[in-house]
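Count along the sequence shown from 1, add 2, and you get the number used in my numbering.
Note that CB positions come from ideal geometry on N, CA and C, so glycine has one too.
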Amino acid sequence: MSIAAAALGELGRHPLWGAAPDLLRRRLLSRGEHLALKPGENALEYGQPARRIFLLVDGLMRISLPPHGRRAGVTVKLLQAPAFFGEAESMLGAAWQETVEALTPTRLWSFESRHYFACMREHAETCFRHYCDTAARFGVSIGAHRAVLFDELQERTLAVFAAYAAHRGRPLAGSEAVLIDSRLTLDGLAREVGTNRRTLARVLAALYRSGAVTRRGRRFAVLPLAQLLGTLPTRPSMAYRIHGKMWPDALRSEAT
Numbered sequence: 003m004s005i006a007a008a009a010l011g012e013l014g015r016h017p018l019w020g021a022a023p024d025l026l027r028r029r030l031l032s033r034g035e036h037l038a039l040k041p042g043e044n045a046l047e048y049g050q051p052a053r054r055i056f057l058l059v060d061g062l063m064r065i066s067l068p069p070h071g072r073r074a075g076v077t078v079k080l081l082q083a084p085a086f087f088g089e090a091e092s093m094l095g096a097a098w099q100e101t102v103e104a105l106t107p108t109r110l111w112s113f114e115s116r117h118y119f120a121c122m123r124e125h126a127e128t129c130f131r132h133y134c135d136t137a138a139r140f141g142v143s144i145g146a147h148r149a150v151l152f153d154e155l156q157e158r159t160l161a162v163f164a165a166y167a168a169h170r171g172r173p174l175a176g177s178e179a180v181l182i183d184s185r186l187t188l189d190g191l192a193r194e195v196g197t198n199r200r201t202l203a204r205v206l207a208a209l210y211r212s213g214a215v216t217r218r219g220r221r222f223a224v225l226p227l228a229q230l231l232g233t234l235p236t237r238p239s240m241a242y243r244i245h246g247k248m249w250p251d252a253l254r255s256e257a258t
């Protein structure tokens with residue numbers, strides 16, 4: 003299979019472009035750039051001009067708000083492939099207001115924003131899918147930003163654990179707990195929740211005593227996701243991925 007055919011098939015499997023005709027997908031890819039990122043590398047950084055749209059096709063990425071001009075900071079969302087990001091600031095002609103970092107080996111397609119929007123508007127179903135995705139991510143962002151600004155540190159910490167458990171969790175043999183299959187360091191976790199290592203250690207001690215979080219070697223384990231979120235008063239969600247339920251046939255028929 004040629005590289006072009008493989009890229010066309012990959013774009014066709016992405017939920018946002020799966021209904022688009024081959025000719026339109028070929029036009030989109032004609033000005034696309036394939037990116038392969040290692041863990042720790044950024045797709046975009048705070049303060050850079052926003053001129054690109056990104057389709058995440060493989061991997062897990064972290065969106066963070068950088069306090070005090072740092073390049074990475076408090077976690078507001080985890081994006082699991084398939085996903086889409088970059089449209090808001092690109093449409094406004096603004097600078098990036100966040101940093102998006104690869105947490106695992108990650109593959110993306112990047113497109114100049116005007117070209118991407120021009121292709122989108124050629125196909126109604128594709129536009130509808132993008133609208134549903136943007137609305138869903140906005141809903142996640144409302145809760146995540148509120149949690150960052152107003153929640154207690156313990157709640158923010160649990161919300162970050164819940165997001166990792168949703169994307170990188172697996173059942174732990176002989177237990178109801180969920181093992182987070184990522185090595186979260188104390189320094190890194192403190193940065194993600196917007197505190198320092200010493201304060202985080204006190205929060206973790208309280209979570210260990212409550213049983214909500216445990217350590218299994220170098221990894222963390224947490225209560226089952228529904229149970230963990232149930233301990234939080236606002237049930238904030240920082241985990242996101244596209245799924246087909248976002249554009250049900252019933253919603254489409256009612257709109258027409």
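**Message:** Applying the 10 Å Cβ sphere with the 16-neighbour rule, what's the burial state of Arg204?
**Reply:** Reading the sequence shown from its first residue, position 202 is the one you call residue 204. Classification for Arg204: exposed.
**Message:** Our contact map puts Glu114 next to Arg53 with C-beta atoms below 8 Å; I'd like the distance itself, whole angstroms only.
**Reply:** Looking up residue 114 in the sequence shown gives position 112. Looking up residue 53 in the sequence shown gives position 51. About 6 Å separates the two Cβ atoms, so the contact holds.
**Request:** Would you list the one or two residues that DSSP bridges to Thr79?
**Result:** What you label residue 79 is simply residue 77 of the sequence shown in a count that begins at 1. Sequence check: residue 79 is Lys here, not Thr. In the DSSP output, where bridge partners are listed per residue, Lys79 has Ile65.
**Request:** Output yes or no for whether 8 Å exceeds the beta carbon distance between Asp135 and Phe56.
**Result:** In the sequence shown, residue 135 corresponds to position 133, counting from 1. In the sequence shown, residue 56 corresponds to position 54, counting from 1. In this structure, Phe56 does not lie closer than 8 Å to Asp135 by Cβ.
**Message:** Can you tell me where the alpha helix (DSSP H) holding Gly190 begins and where it ends?
**Reply:** By 1-based counting over the sequence shown, the position of residue 190 is 188. Taken as a continuous stretch (DSSP letters only), the alpha helix (DSSP H) holding Gly190 covers 188 to 195.
**Prompt:** Using a beta-carbon distance below 8 Å, is Asn44 in contact with chain C?
**Reply:** In the structure shown, chain C cannot be found, because there is only a single protein chain.
**Message:** Let's test the definition: count the other Cβ atoms within 10 Å of the Cβ of Glu35 and tell me whether it reaches 16, buried, or not, exposed.
**Reply:** Residue numbering aside, residue 35 sits at position 33 when the sequence shown is read from its first letter. Exposed, since its Cβ has fewer than 16 Cβ neighbours within 10 Å.
**Prompt:** What's the C-alpha gap between Gly71 and Ala90?
**Reply:** Against the sequence shown, residue 71 aligns to sequence position 69. Against the sequence shown, residue 90 aligns to sequence position 88. Only weak support is given to the placement of Gly71: the predicted model assigns it a pLDDT of 49, under 50, and the value that follows is read from those uncertain coordinates. Cα-Cα distance, rounded: 20 Å.
**Item:** Leu230 vs Ala165 beta-carbon contact at 8 Å
**Value:** In the sequence shown, residue 230 corresponds to position 228, counting from 1. In the sequence shown, residue 165 corresponds to position 163, counting from 1. No. Outside cutoff.
**Prompt:** What's the gap between the Cα of Glu178 and the Cα of Val215?
**Reply:** As a first step, residue 178 must be located in the sequence shown, where it is residue number 176. As a first step, residue 215 must be located in the sequence shown, where it is residue number 213. Whole-angstrom Cα-Cα distance: 12 Å.
**Request:** Determine contact between the stretch 100 to 110 and the stretch 58 to 65, defined as no fewer than three beta-carbon pairs at a distance below 8 Å.
**Result:** yes
**Message:** Taking the alpha helix (DSSP H) that Arg158 belongs to, which residues open and close that run?
**Reply:** On the sequence shown, position 156 is the one that residue 158 refers to. That run of the alpha helix (DSSP H) goes 155 to 170.
**Asked** CA-CA distance, Leu13 and Arg27?
**Response** As a first step, residue 13 is located in the sequence shown; it is residue number 11 there, counting from the start. As a first step, residue 27 is located in the sequence shown; it is residue number 25 there, counting from the start. The alpha-carbon atoms of Leu13 and Arg27 are separated by roughly 7 Å.
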